[in-house]
Amino acid sequence: MRLKKLPIRRKMPMELAYIEKLFREEVGLDIKEHKDKAEQISETVVEIYEELLRKGIENANYNGRDYVSYYDLPITEDLERYMNRFIQDRGEEVLKAFVDYLAKLEEELLKAEEALPPLDEELHQKKADILGGIMLMFASVAKQINGDRKLYAESIPVTREVLRTMI
1 MRLKKLPIRR
11 KMPMELAYIE
21 KLFREEVGLD
31 IKEHKDKAEQ
41 ISETVVEIYE
51 ELLRKGIENA
61 NYNGRDYVSY
71 YDLPITEDLE
81 RYMNRFIQDR
91 GEEVLKAFVD
101 YLAKLEEELL
111 KAEEALPPLD
121 EELHQKKADI
131 LGGIMLMFAS
141 VAKQINGDRK
151 LYAESIPVTR
161 EVLRTMI
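Each residue of the sequence shown is one higher than the one before, counting from 1 in the UniProt record's numbering.
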């Protein structure tokens, strides 16, 4: 089964405060006063997750399975490092609101996944870690591209493309 586009809603209900606090305290990047940037960032995170899931579906089909395993997803070493960082920082106050947001996002993804092959339990359990890792990776790459504390709108598409090549 090859999907052109996963049926996941693009506009995520992420408040600017979640991303703003995460970016400022984790990598020192300021996105204050720009709600549209938060929406672009959350859309990018979901797009990257969709790409991973799409490739995971292809790998599961290639291996003759009718379910998708966590190990079917092409998790790179870089993404795994950011996932581990997210897991370690999950208890910190800066990430609590973001983890709560990820729980809401997971509900949205589960609704969309009804049209997909079933996902194994480990993949369900690691979904928030994957999304959080992608978000931290986005923040880190954006900081390197911008070079200072402010996130510029024109750097978001560049960051998106860099992430696509890294993952």
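Don't be surprised by glycine CBs; every beta carbon is placed ideally from N, CA and C.
Here the structure is a predicted model, which means the values were calculated and not measured.
With respect to the 7 angstroms criterion, Thr-159 and Ala-142 are classified as neighbours on the basis of their beta carbons.
One Cα belongs to Lys-150, the other to Met-135, and the distance between them is close to 17 angstroms. Buried is the label assigned to Thr-44, since at least 16 other Cβ atoms lie within 10 Å of its Cβ. Nearest neighbour of Asp-72 by Cα position, chosen from Glu-80, Glu-58 and Asp-78, turns out to be Glu-58. Short of 6 angstroms from the beta carbon of Leu-119, and not among the five residues preceding or following it, lie these beta carbons of its own chain, in chain order: Val-68. In the DSSP annotation of this structure, Asp-66 is not part of any alpha helix (DSSP H), being labelled neither H nor E. Contact check for Asp-129 and Met-83: beta-carbon distance about 5 angstroms, within the 8 angstroms limit, so the pair qualifies. Rounded to whole angstroms, the separation of the alpha carbons of Lys-127 and Lys-104 is 12 angstroms.
Under the DSSP definition of a beta bridge, Lys-150 partners with Asp-30.
Here DSSP, grouped into helix, strand and coil, assigns Leu-119 to strand.
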